[in-house]
Amino acid sequence: MSNVLTYEHAVEVRELVKRFGAFTAVDRLDFTVKRGEIFGFLGPNGAGKSTTIRMLCGLLLPTAGRGTVAGLDIIRESERIKTRIGYMSQKFSLYEDLTVEENIAFYGGIYGVSDARLAERKAWILEMANLADRRHSLTGELAVGWKQRLALGCAMVHEPEILFLDEPTGGVDPISRRNFWDLIFTVAGAGVTVMVTTHYMDEAEHCDRLAMIYGGKLIALGSPAELKAQYADAGQLLEIEADPLMRALDVLAEAVHDVAVFGTTLHAVVHAARGEAMVRTTLERAGVAVRRVEPIAPSLEDVFVRLIEQADRQREEAG
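Below you can see the structure in the form of structure tokens.
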């Protein structure tokens, strides 16, 4: 890793666009990633997260806009960027017929790591990923969680300044996901900037800041606490148990600011000082049985659902 980091932001994009024919996958994104932070890129499948990451890593050319990674231009200096970053794709990209050690050595060779330094990096990766006892195992024989650990280690073999993780825990069980995030904290604690895409709300809570993307557009930016505080400013959030649930949804859609289904309950935003009583009365007058109405603190999922619904309404209004 370079001893002197001269850039102000680890990542900076301005009006970034990527089109595939008539389809716009990324639509005028603007954001910066601070050096040393864990930056989450949150959105549903197809939102444009992976396309953005691939442009930042020099794997795709933008249609329009500009950006820098580690102070380097993503259009003119894409090959130099590849030497300064680590990239882990959502699809497992290691060689399953090689052992754990052999995969580390292979990627060390690709990145031009010297033999002496590679021995040190291999020892660090095996300890960091808790793979020392599996160093001679064929990669194809590892469980998915262990493969992800190895993939992270190989992405770090050349000591990158910035690490891009594209849906790194997809298809991994909850315990393995938690263990993988422990590794992310370890890497970030060593000063590496981490940009991670995810659609898991619990993972998003671990990030220093989040960019929420939907339909290729940036719909929110801030820390988890800031985004939830902005949601709370819109009114009081109520959780409602009622039967029939969908009838309750239809009734409240005409009476409150926002309402959405969350599992077997509804979450509704109300402005009235006596919002709980108003909701209960409205539902009961419509013949809906109300089991429970109580205020709750908003979650990131509440924030994201509300922002998506707002984006959909804006699209409908725009025709």
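Under the numbering used here, the first residue of the sequence shown carries the number 2, and numbering increases by one thereafter.
Where a beta carbon is used, it is the ideal one built from N, C-alpha and C, also for glycine.
The three-state secondary structure of Gln237, taken from DSSP, is strand.
Take the alpha-carbon of Lys19 and the one of Leu57: they are about 12 Å apart. Here Ile309 has Tyr215 as same chain residues with Cβ atoms under 6 Å from its own Cβ, once five neighbours each way along the sequence are excluded.
The shortest CA-to-CA distance from Thr198 to any of Asp313, Ala212, Asp251 is the one to Ala212. Straight-line spacing of the CA atoms in Arg118 and Tyr108 works out to 13 Å. Relative to Met202, the option among Phe21, Phe42, Thr266 whose CA is nearest is Phe42.
Excluding residues up to 5 positions away in sequence, Leu95, Tyr96, Thr140, Leu151, Cys155 lie with their Cβ nearer than 7 Å to the Cβ of Asn104 in the same chain. Under a 10 Å Cβ-count criterion, Asp244 is classified as exposed, with fewer than 16 other Cβ atoms of the shown protein chains found around its own Cβ. Here Gln91 has Asp167, Glu168, Gly171 as same chain residues with Cβ atoms under 6 Å from its own Cβ, once five neighbours each way along the sequence are excluded. For Val271, the closest of Asp74, Ala144, Phe263, Val257 by C-alpha to C-alpha distance is Val257. Residue pairing by DSSP places Pro296 opposite Leu239 in a beta bridge. By the CB criterion at 7 Å, Asp28 and Lys218 fall inside the cutoff. With a 10 Å radius around the Cβ and a threshold of 16 neighbouring Cβ atoms, Gln315 comes out exposed. When C-beta atoms of the region 234 to 242 are compared with those of the region 64 to 82, fewer than three pairs fall below 8 Å, so the two segments do not count as touching. The C-alpha of Ala106 is placed about 14 Å away from the C-alpha of Leu132.
The Cβ-Cβ distance between Arg67 and Leu61 does not fall below 7 Å. Ala120 is positioned such that its CB atom lies no closer than 7 Å to that of Ile220.
Counting every other CB atom within 10 Å of its CB across the protein chains shown gives Phe24 a total below 16, marking it as exposed.
Annotation: Trp125 to Val193 spans about 15 Å, alpha carbon to alpha carbon.
Per the coordinates, the alpha-carbon of Val14 lies some 47 Å from the alpha-carbon of Thr283. Separation of Glu128 and Arg122 (C-alpha to C-alpha, rounded to the nearest whole angstrom) is 10 Å. Fully enclosed beta strand (DSSP E) runs of no fewer than 3 residues occupy 163 to 167 of the region 146 to 191, in order along the chain.
Linking Ala130 to Met279 through their CA atoms gives a straight-line distance of about 53 Å. Residue burial is scored here from C-beta neighbours: His268 has at least 16 other C-beta atoms within 10 angstroms and is therefore classed as buried. In the DSSP secondary-structure assignment, Met213 is bridged to Leu43, Ala221. Residue environment analysis places Thr52 among the buried positions, since at least 16 neighbouring C-beta atoms fall within 10 angstroms of its C-beta.
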